[in-house]
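Respectively, the protein sequence lines represent chains A and B.
For what it's worth, our numbering labels the leading residue of the first sequence as 1, then goes sequentially.
For what it's worth, our numbering labels the leading residue of the second sequence as 117, then goes sequentially.
C-beta atoms are modelled at their ideal positions from N, C-alpha and C, and glycine is treated no differently.
Keep in mind that this is a model prediction, so the values were computed, not measured.
Have a look at the structure below before the remarks.
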Amino acid sequence: AQSVTQPDIHITVSEGASLELRCNYSYGATPYLFWYVQSPGQGLQLLLKYFSGDTLVQGIKGFEAEFKRSQSSFNLRKPSVHWSDAAEYFCAVGGVRYNQGGKLIFGQGTELSVKP
Amino acid sequence: DVKVTQSSRYLVKRTGEKVFLECVQDMDHENMFWYRQDPGLGLRLIYFSYDVKMKEKGDIPEGYSVSREKKERFSLILESASTNQTSMYLCASTLGGGHLNQPQHFGDGTRLSIL
């Protein structure tokens with residue numbers, strides 16, 4: 001069965017430090033991969049997505065993610081974290097046909113705290 | 117930009133009440149979804165709809181029903197609210213037609229408390 005694992009429930013980084021959030025997936029074919037961010041009290045906003053082609057994808061807010069098929073991973077990175085990046089981050093895998101449409105499977109989320 | 121609007125940000129109801137959560141999208145999307153979000157569990161799919169009057173159960177449909185009378189509107193119904201349905205509820209929409217690579221667009225969520 002398809003699944004997504006985010007091994008880190010909570011991460012704390014200092015402002016200005018680099019960030020890497022981990023995501024591992026289990027899927028039989030080439031997946032469609034997404035990262036979403038959720039600020040406190042808000043819905044989910046799409047950061048970036050991977051379908052095919054270049055394995056390093058750029059997103060909004062200075063984030064990037066790298067697809068590594070051999071490791072079944074799609075880790076999210078940012079070179080320098082800002083205090084406004086404090087939020088919860090969700091990795092999701094798509095491409096799963098679910099009746100008439102597509103279904104996303106979400107990881108459990110990683111909460112990011114940023115120290116001044 | 118796609119706009120998904122959930123009618124209430126915060127809602128407090130009593131056990132046994134019938135509760136309606138409303139969601140409207142403005143992009144003519146075929147697919148609409150209802151999730152609940154609980155700490156440590158991520159997002160879990162309750163129901164989704166791929167067309168008007170069409171619905172499919174998700175992973176946790178028990179205690180919920182849905183209604184989609186118009187393409188832009190998708191309602192989640194708690195027939196008899198219970199305290200274990202206290203949660204954050206998120207609505208999402210996306211293109212249909214077998215477009216499996218389309219991201220879902222989310223509303224801001226409704227934080228529902230059942231007392």
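Bridge partners - F190 of chain B, DSSP secondary structure assignment: Its beta-bridge partners are B:C139.
Neighbouring residues, chain A, relative to F222 of chain B (Cβ below 7 Å): Under the 7 Å cutoff, chain A gives G43, L44.
Residues that E88 of chain A bridges to, as DSSP identifies them: E88 of chain A is bridged to A:Q38, A:E111.
Close-in-space but distant-in-sequence residues of the same chain around Y126 of chain B (CB under 7 Å, 5 per side omitted): By the criterion of a C-beta distance shorter than 7 Å, Y126 of chain B is surrounded in its chain by R227, once the five residues flanking it on both sides are discounted.
Extent of the continuous beta strand (DSSP E) to which D167 of chain B belongs: Run containing D167 of chain B: 158-167, per the beta strand (DSSP E) assignment.
contact_flag[the segment 153-170 of chain B, the segment 124-144 of chain B] where n(CB pairs < 8 Å) is 3 or more: They do not touch, by the three-pair rule.
Cutoff 7 Å; reference L206 of chain B; Cβ partners in own chain excluding five residues on either side: Within the same chain, L206 of chain B has close Cβ partners Y151, Q153, L159, F222, G223, G225.
Identified DSSP bridge partners for K49 of chain A: Per the DSSP secondary-structure output, K49 of chain A pairs in a beta bridge with A:F34.
Burial state of K61 of chain A, where buried means 16 or more other Cβ atoms lie within 10 Å: It is exposed - the Cβ of K61 of chain A has fewer than 16 other Cβ atoms within 10 Å.
Counted within 10 angstroms of its Cβ, other Cβ atoms place K171 of chain B as buried (16 or more) or exposed: Looking at its Cβ environment, which holds 16 or more other Cβ atoms inside 10 Å, K171 of chain B is buried.
Identity of the residues DSSP links to W63 of chain A by a beta bridge: The sequence given here has Phe at residue 63 of chain A, not Trp. Under DSSP, F63 of chain A forms no beta bridge with any residue.
Coarse secondary structure for S70 of chain A, derived from DSSP in three states: Under the three-state reduction of DSSP, S70 of chain A is assigned to helix.
Closest residue to L129 of chain B among B:A197, B:T121, B:P219, B:S203 (Cα-Cα distance): It should be pointed out that residue 129 of chain B corresponds to Lys in this sequence rather than to Leu. Per the Cα distances, B:A197.
Distance between A1 of chain A and Q100 of chain A (C-alpha atoms, nearest Å): Low per-residue confidence applies at Q100 of chain A: pLDDT is 47, beneath 50, and the placement is therefore not dependable, though the value from the model is reported in the following sentence. Going from the Cα of Q100 of chain A to the Cα of A1 of chain A covers about 19 Å.
P219 of chain B: contacting residues in chain A (beta-carbon distance under 7 Å): For P219 of chain B, the chain A residues whose Cβ falls inside 7 Å of its Cβ are F34, L46, K49, in order along the chain.
Proximity test, L211 of chain B beta-carbon vs the ligand GTP heavy atom, cut-off 7 Å: This structure lacks the ligand GTP; in fact it carries no ligand of any kind.
T86 of chain B - DSSP class collapsed to helix/strand/coil: Because residue 86 of chain B is not part of the residues shown, which for chain B are 117 to 231, the question remains open.
Residue range of the beta strand (DSSP E) that includes L19 of chain A: Secondary structure note for L19 of chain A: its beta strand (DSSP E) is the uninterrupted segment 19-21.
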